[in-house]
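Participant: Pasting a structure below so you can have a look.
Number of protein chains: 2
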Amino acid sequence: MDTTIIYGKNAIIEALEKCDREFNKILISNSARADVKIEQIKKLAKKNGVIFQFVAKEKLNALEPEGKHQGVIAQVAPIKYIELEDFIAQQKGKLSSVVILDGVEDSHNVGAIIRSCVCAGIKGIILPSRRGVLINSTVEKTSAGAINHISIIKTNSLVNTIQKLKENDYWVIASDHHAEQNHYEIDYTDINFALIMGAEHAGISKSLLKLADFKVKIPMLTNFNSLNVSNATAIILFEYVSQLCKKNKRKEKNE
Amino acid sequence: MDTTIIYGKNAIIEALEKCDREFNKILISNSARADVKIEQIKKLAKKNGVIFQFVAKEKLNALEPEGKHQGVIAQVAPIKYIELEDFIAQQKGKLSSVVILDGVEDSHNVGAIIRSCVCAGIKGIILPSRRGVLINSTVEKTSAGAINHISIIKTNSLVNTIQKLKENDYWVIASDHHAEQNHYEIDYTDINFALIMGAEHAGISKSLLKLADFKVKIPMLTNFNSLNVSNATAIILFEYVSQLCKKNKRKEKNE
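Protein chains in written order, with the working numbering: chain A, 1347 to 1601; chain B, 1347 to 1601.
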């Protein structure tokens, strides 16, 4: 089978627990300290019928040259992307939300964003196939396995994708530091929304900005530069989460 | 002089603009593309009387082996930490806020947190000298130069530091996912506050948790794991910023 690697104990545990990833085998370093997480990986591997082998640390270093593997690497089938049409069909009849990354280039940022998306209950993440990074081992490690808990859509044209989302009742929100409206001035709780976040330096492409129903900024207390894109995404998504929690509390009180 | 390096164009520009860092010299790769930012660095260096030299790329690679220097490295005096007592004295008479990192180990996270702190108008950041990372070149690069815009305090004892802050009218807020109160249920706008964020895996030490006046959690919409510490910090800090902006707007309306 066509394989990729996952490294990092949490990322491997998440993938084993989620059970929908095809595993080839798991390699554990001979010299890895037998800690709780390694034991958990062995237990989950046995349960799921996944082979694990003890190998020299050098073998792991050859597969992951940055040496951040924490003594364990899993060889797995690459992540499955899903088609936009299938995603939209799956989401029909419930409130839905996606995050669109317009050319984000740093794998650590993409991984951290996917992790925040899952924590915030976002249903899908959309990546352009030709700009920015796609899912790789660093994204998977940084996401702490979150990529197994969200639909990932790869697209050749973000313009077409956004138009299709609009036709299907998604409101398009663009994060843009030139915007007049603050991010907390939108009610995210009873709409389907697609939040576009731009590349680290260039921001969101003009062609996509034009398609946005709302443009929002995160107000800053100093003139300094700007936020890291993964932090900016987390701030907006958790404004949505706060709004939802407050709304649910009001509902409970009224019942 | 005792020197360290700064790499990354933005980090170097920030340090040159801030003018309070002692520069030894700036090394620019012969093969660096002469872009807007390199030009800006040369201009600022001339203005500040800082020597710059063109050198072979290999020389830069030797100073920064990960190859993330973007063709330019500055040799500078190490960052100046300030004493807690001096910080507290400087802040007297105005509302103040600090972030305390209890053993955060990833330089990228520390850098991104400092960047968010500056954007959120936080006045100081407190790092323990023996746990977690101190300021290094990666922190400086990831902070995009933000470390030049905030007071940085290094302490041998976080317990003593927190007690001293409490004696000086700071309210201590600990981010703890076992907390009952949500982070948005605190009014941050008319208190001095010290926000403690814990290490990536272990969270906040028990001895510090005991000293907290408030414990807050960020509610999640799924059971998945947890947020990256830099994202969690950004979410809480920008709840404070949102509260402050909303309050100022109400004030303006009433005037």
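Glycine is no exception: its CB is placed at the ideal position from the N, C-alpha and C atoms.
For clarity, every value in this text was computed on a predicted model and none was experimentally measured.
Along the alpha helix (DSSP H) that carries K1383 (chain B), what are the first and last residues, could you check?
Facilitator: Residue mapping note: residue 1383 (chain B) aligns to position 37 of the second sequence, counting from 1. For K1383 (chain B), the enclosing alpha helix (DSSP H) begins and ends at V1382 to N1394.
Participant: Within the 8 Å Cβ cut-off, does H1415 (chain A) reach chain B?
Facilitator: Here residue 1415 (chain A) refers to the residue found at position 69 when the first sequence is read from its first residue. It does not: the Cβ of H1415 (chain A) has no partner Cβ on chain B nearer than 8 Å.
Participant: Could you give the residue range of the alpha helix (DSSP H) that holds F1605 (chain A)?
Facilitator: There is simply no residue 1605 (chain A) to check, as chain A begins at 1347 and stops at 1601 in what is shown.
Participant: Could you tell me the alpha carbon to alpha carbon distance between A1378 (chain B) and T1488 (chain B), rounded to whole angstroms?
Facilitator: Position 32 of the second sequence, counted from the first residue, corresponds to residue 1378 (chain B). Position 142 of the second sequence, counted from the first residue, corresponds to residue 1488 (chain B). Their Cα atoms are separated by approximately 21 Å.
Participant: For Y1427 (chain B) versus I1498 (chain B), is the C-beta distance shorter than 8 Å?
Facilitator: Here residue 1427 (chain B) is taken as the residue at index 81 of the second sequence, counted from 1. Here residue 1498 (chain B) is taken as the residue at index 152 of the second sequence, counted from 1. Yes, these two residues count as a Cβ contact at 8 Å.
Participant: For the structure I just gave you, are there three or more beta carbon pairs, one from the region 1388–1406 of chain B and one from the region 1363–1380 of chain B, closer than 8 Å?
Facilitator: yes
Participant: Per DSSP, which one or two residues make a beta bridge with D1448 (chain A)?
Facilitator: Numbered from 1 along the first sequence, position 102 holds the residue referred to as residue 1448 (chain A). Note: D1448 (chain A) sits in a beta bridge opposite A:G1544.
Participant: Runs of 4 residues minimum, wholly inside the region 1550–1584 of chain A: which ones carry the alpha helix (DSSP H) assignment?
Facilitator: 1552–1555
Participant: Would D1515 (chain B) and K1561 (chain B) be called neighbours here (beta carbons separated by less than 8 Å)?
Facilitator: Here residue 1515 (chain B) refers to the residue found at position 169 of the second sequence. Here residue 1561 (chain B) refers to the residue found at position 215 of the second sequence. Not in contact: D1515 (chain B) and K1561 (chain B) (Cβ atoms no closer than 8 Å).
Participant: If we define contact as Cβ-Cβ less than 8 Å, is F1400 (chain B) a contact residue for chain A?
Facilitator: Position 54 of the second sequence, counted from the first residue, corresponds to residue 1400 (chain B). For F1400 (chain B), the answer is no, since every Cβ of chain A falls outside 8 Å of its Cβ.
Participant: Suppose you measure from the CA of V1479 (chain B) to the CA of Q1509 (chain B); what does that come to, to the nearest Å?
Facilitator: Along the second sequence, read from residue 1 onward, the residue named residue 1479 (chain B) stands at position 133. Along the second sequence, read from residue 1 onward, the residue named residue 1509 (chain B) stands at position 163. Going from the Cα of V1479 (chain B) to the Cα of Q1509 (chain B) covers about 22 Å.
Participant: So the beta strand (DSSP E) T1350 (chain B) belongs to, where does it begin and stop?
Facilitator: Translated into positions along the second sequence, residue 1350 (chain B) becomes position 4. T1350 to Y1353 is the extent of the beta strand (DSSP E) around T1350 (chain B).
Participant: Using CA atoms only, rank isn't needed, just tell me which of B:Q1421, B:A1525 and B:C1365 is closest to L1390 (chain B).
Facilitator: Numbered from its first residue, the second sequence carries residue 1390 (chain B) at position 44. Distance check between L1390 (chain B) and each of B:Q1421, B:A1525 and B:C1365 places B:C1365 closest, using alpha-carbon atoms only.
Participant: Comparing the C-beta of V1587 (chain B) with each C-beta of chain A, is any distance below 8 Å?
Facilitator: Translated into the one-based positions of the second sequence, residue 1587 (chain B) becomes position 241. At least one chain A Cβ lies under 8 Å of V1587 (chain B).
Participant: Are the beta-carbon atoms belonging to V1659 (chain A) and A1540 (chain A) less than 8 Å from one another?
Facilitator: There is no way to answer for residue 1659 (chain A), as the model of chain A reaches only from 1347 to 1601.
Participant: Within the region 1466–1496 of chain B, note down every full alpha helix (DSSP H) run reaching 4 residues or more, in order along the chain.
Facilitator: 1483–1488
Participant: Shorter than 8 Å from the beta carbon of R1461 (chain B) to some beta carbon of chain A?
Facilitator: The residue you call residue 1461 (chain B) lines up with position 115 of the second sequence. At least one chain A Cβ lies under 8 Å of R1461 (chain B).
Participant: Express the C-alpha separation of I1582 (chain A) and L1590 (chain A) in angstroms, rounding to a whole number.
Facilitator: For the purposes of this step, residue 1590 (chain A) is identified with residue 244 of the first sequence, where counting begins at 1. For the purposes of this step, residue 1582 (chain A) is identified with residue 236 of the first sequence, where counting begins at 1. In a straight line, the C-alpha of L1590 (chain A) is about 13 Å away from that of I1582 (chain A).
Participant: Please return the same chain residues whose Cβ sits closer than 7 Å to the Cβ of A1458 (chain B), not counting the five positions on each side in sequence.
Facilitator: Counting from one through the second sequence, the residue named residue 1458 (chain B) turns up at place 112. If we look at A1458 (chain B) and ignore the five residues flanking it on each side, its Cβ neighbours are T1488 and S1576.
Participant: Within 8 Å (strictly less), CB to CB, does I1564 (chain B) reach chain A?
Facilitator: Your numbering for residue 1564 (chain B) matches position 218 in the second sequence. Judged by the 8 Å Cβ criterion, I1564 (chain B) is in contact with chain A.
Participant: Could you spell out where the alpha helix (DSSP H) holding N1407 (chain B) opens and where it closes?
Facilitator: Along the second sequence, one-based indexing puts residue 1407 (chain B) at 61. Per DSSP, N1407 (chain B) belongs to the alpha helix (DSSP H) from K1403 to L1409.
Participant: What does DSSP give as the partner residues of Y1516 (chain B) in its beta bridges?
Facilitator: Reading the second sequence from its first residue, position 170 is the one you call residue 1516 (chain B). Within the DSSP secondary-structure output, Y1516 (chain B) pairs in a beta bridge with B:N1538.
Participant: What residue range does the beta strand (DSSP E) around N1376 (chain B) cover?
Facilitator: Along the second sequence, read from residue 1 onward, the residue named residue 1376 (chain B) stands at position 30. Taken as a continuous stretch (DSSP letters only), N1376 (chain B) belongs to no beta strand (DSSP E), as it is neither H nor E.
Participant: If we ignore side chains and look at the alpha-carbon of each, how far apart do T1350 (chain A) and T1507 (chain B) end up?
Facilitator: Taking the first sequence and counting its residues from 1, the one referred to as residue 1350 (chain A) is at position 4. Taking the second sequence and counting its residues from 1, the one referred to as residue 1507 (chain B) is at position 161. About 47 Å.
Participant: With E1410 (chain B) and S1483 (chain B) assumed to form a contact (beta carbons below 8 Å), what rounded beta-carbon distance in angstroms separates them?
Facilitator: Taking the first residue of the second sequence as 1, we reach residue 1410 (chain B) at position 64. Taking the first residue of the second sequence as 1, we reach residue 1483 (chain B) at position 137. Right, their Cβ atoms sit about 7 Å apart.
Participant: Are the beta-carbon atoms of V1505 (chain B) and L1555 (chain B) separated by less than 8 Å?
Facilitator: As a first step, residue 1505 (chain B) is located in the second sequence; it is residue number 159 there, counting from the start. As a first step, residue 1555 (chain B) is located in the second sequence; it is residue number 209 there, counting from the start. No.
Participant: In chain A, which residues lie with their C-beta within 9 Å of the C-beta of T1568 (chain B)?
Facilitator: On the second sequence, position 222 is the one that residue 1568 (chain B) refers to. The answer, in chain order, is V1464, C1465, A1466, G1467 and H1495.
Participant: By how many angstroms is the C-alpha of G1413 (chain B) removed from the C-alpha of N1600 (chain B)?
Facilitator: By 1-based counting over the second sequence, the position of residue 1600 (chain B) is 254. By 1-based counting over the second sequence, the position of residue 1413 (chain B) is 67. Their Cα atoms are separated by approximately 55 Å.
Participant: Does the Cβ of K1355 (chain A) have 16 or more other Cβ atoms within 10 Å, making it buried, or fewer, making it exposed?
Facilitator: On the first sequence, position 9 is the one that residue 1355 (chain A) refers to. Of the residues assessed, K1355 (chain A) falls on the buried side of the cut-off, its CB having 16 or more other CB atoms within 10 angstroms.
Participant: Closest Cβ-Cβ distance between Y1516 (chain B) and chain A: below 8 Å?
Facilitator: Residue mapping note: residue 1516 (chain B) aligns to position 170 of the second sequence, counting from 1. Chain A contact via Cβ: absent.
Participant: From the DSSP output, in three-state form, read off I1359 (chain B) for me.
Facilitator: Locating residue 1359 (chain B) in the second sequence gives position 13, counting from the first residue. In this structure, I1359 (chain B) counts as helix in the three-state DSSP scheme.
Participant: How about A1490 (chain A) and N1571 (chain B): are their beta carbons less than 8 Å apart?
Facilitator: Translated into positions along the first sequence, residue 1490 (chain A) becomes position 144. Translated into positions along the second sequence, residue 1571 (chain B) becomes position 225. Going by C-beta atoms, A1490 (chain A) is nearer than 8 Å to N1571 (chain B).
Participant: Given that C1591 (chain B) touches chain A, what residues does it touch there, using C-beta distances under 7 Å?
Facilitator: On the second sequence, position 245 is the one that residue 1591 (chain B) refers to. What C1591 (chain B) touches in chain A: N1528 and P1565.
Participant: Taking the Cβ atom as the reference point for each residue, do I1352 (chain A) and A1420 (chain A) lie within a distance shorter than 8 Å?
Facilitator: On the first sequence, residue 1352 (chain A) is found 6 positions in, with the first residue counted as 1. On the first sequence, residue 1420 (chain A) is found 74 positions in, with the first residue counted as 1. Against a cut-off of 8 Å, the Cβ pair of A1420 (chain A) and I1352 (chain A) comes out as a contact.
Participant: Sort A:A1361, A:V1422 and A:S1588 by Cα distance to I1532 (chain B) and report the nearest one.
Facilitator: In the second sequence, residue 1532 (chain B) corresponds to position 186, counting from 1. Ranking the options by Cα distance to I1532 (chain B), first place goes to A:S1588.
Participant: Between A1312 (chain A) and chain B, is there a C-beta pair that is closer than 8 Å?
Facilitator: The requested residue 1312 (chain A) does not occur in the structure, where chain A is confined to residues 1347 to 1601.
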